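A.B. asks: In my numbering, the protein residues as written are 14 to 374. Note that the Cβ used here is the ideal one computed from N, Cα and C, for glycine as well. As the structure is a computational prediction, the values presented were derived from the model and not from experiment. Take this structure first; my questions come after.
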């Protein structure tokens, strides 16, 4: 049965991944599969579903809804596989745990428990107290990974943070400059993938120098979907004049100090002001969570990226290495050589490495 459980849970994980990242936020990605397994000679999937959009049906609801009329009598002889513990509270949608009891599902296999205090074992308790057989922990690491943004939000009380940068083979992000265009490390296709990555995040951040020198717009114009909310880390107000020229300045939020803002008479962008520079990252984390910005993409520059690394504020890093050296004094890329590399592939001669800091808890 264990091998069968893992097989069907793997399918539930596949389903969970189908949701658009920002469509379910701040909810988790969850998939569910209903399997008729009373007759060993006729084991088959009779329902599938995943959480598609915030405020709409949870995975369990969609799974039961997909069962054909002629198969509905099999629900009481089936096992529900769900990547995350069924919810126990009534919010935008009814409690999934209570629904499974009402529909007479006799067995439920849960990938991982829900760290949300509103659930946190209560869903499993409801199932078991009503005589439902419950198995917890099937492919738990994989189920946590598919819900990693939600897990980070709940357990670390901050957004899931991805670091992204491009560099030369000899480890430089740019040459030393006070003006002029930045070095282009990406190919047209790998640049498109960067914009796809942007579309997966609810917020994006750079330092003041990136705005000042590159006039960065931080949109995902090469991809589809909503643009992430743009933020600038700027304790001294260096980016203010450039941002004032942006036609979408009202979308931007500058993270700075109260002392810096006291010297500004007028601005069109939004401001998050903290008492001192040392409080900027903590203040940003608090603000993002209050505003339901569940994931943050940090794109640079080197000093800003290093600040997040030093503070332990990162979960993934996407590093693109171009097939050339700069052979000169430049701006060194941050060092993540001691981090855990989980993937590496080559696109148009560019090596793209993925590092992950995310752990079980």
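The beta strand (DSSP E) with residue 173 in it runs from where to where?
C.D. replies: From DSSP, the beta strand (DSSP E) with residue 173 extends over 173 to 180.
A.B. asks: Could you have a look at residue 75 and say whether DSSP puts it in helix, strand or coil?
C.D. replies: In the structure shown, residue 75 sits in a helix (DSSP, three-state: H, G or I).
A.B. asks: Helix, strand or coil for residue 189 per DSSP?
C.D. replies: In this structure, residue 189 counts as coil in the three-state DSSP scheme.
A.B. asks: Give me the Cα-Cα distance between residue 312 and residue 71, rounded to the nearest whole angstrom.
C.D. replies: Near 33 Å, if we compare the C-alpha coordinates of residue 71 and residue 312.
A.B. asks: Note down, in chain order, each residue of its chain lying with its Cβ closer than 7 Å to the Cβ of residue 318, except the 5 sequence neighbours on either side.
C.D. replies: Here the set comprises 176, 178, 311 and 347.
A.B. asks: For residue 64, count the other beta carbons within 10 Å of its own beta carbon; 16 or more makes it buried, fewer makes it exposed. Which is it?
C.D. replies: Classification of residue 64: buried, given that the 10 Å Cβ count is 16 or more.
A.B. asks: Would the stretch 248 to 268 and the stretch 288 to 306 be scored as touching if the rule is three or more Cβ pairs under 8 Å?
C.D. replies: Short answer: they touch.
A.B. asks: Residue 340 to residue 183, Cα distance in whole Å?
C.D. replies: So the two alpha carbons sit approximately 8 Å from each other.
A.B. asks: Would you say residue 58 and residue 81 are within 9 Å of each other, going by their C-beta atoms?
C.D. replies: No; because the gap between Cβ atoms is not below 9 Å, this pair is not in contact.
A.B. asks: Report the rounded CA-to-CA distance for residue 200 versus residue 352, giving the unit in angstroms.
C.D. replies: Spanning the two alpha carbons is a distance of roughly 26 Å.
A.B. asks: Could you check how far apart the C-beta atoms of residue 29 and residue 159 are, in whole angstroms? I think they sit under 8 Å.
C.D. replies: Residue 29 to residue 159, Cβ: 5 Å. Contact.
A.B. asks: Report the rounded CA-to-CA distance for residue 373 versus residue 170, giving the unit in angstroms.
C.D. replies: Note that residue 373 scores a pLDDT of 44, beneath 50, so its modelled location is shaky; the value from the coordinates is reported in the next line. When rounded, the distance between both Cα atoms is 15 Å.
A.B. asks: Considering only the beta carbon of each residue, do residue 92 and residue 47 sit closer than 9 Å?
C.D. replies: Contact flag set, yes.
A.B. asks: Along the chain, where does the alpha helix (DSSP H) containing residue 12 start, and where does it finish?
C.D. replies: Outside the modelled stretch of the chain, which goes from 14 to 374, sits residue 12, for which no answer is possible.
A.B. asks: Taking the alpha helix (DSSP H) that residue 208 belongs to, which residues open and close that run?
C.D. replies: First-last of the alpha helix (DSSP H) with residue 208: 201 to 212.
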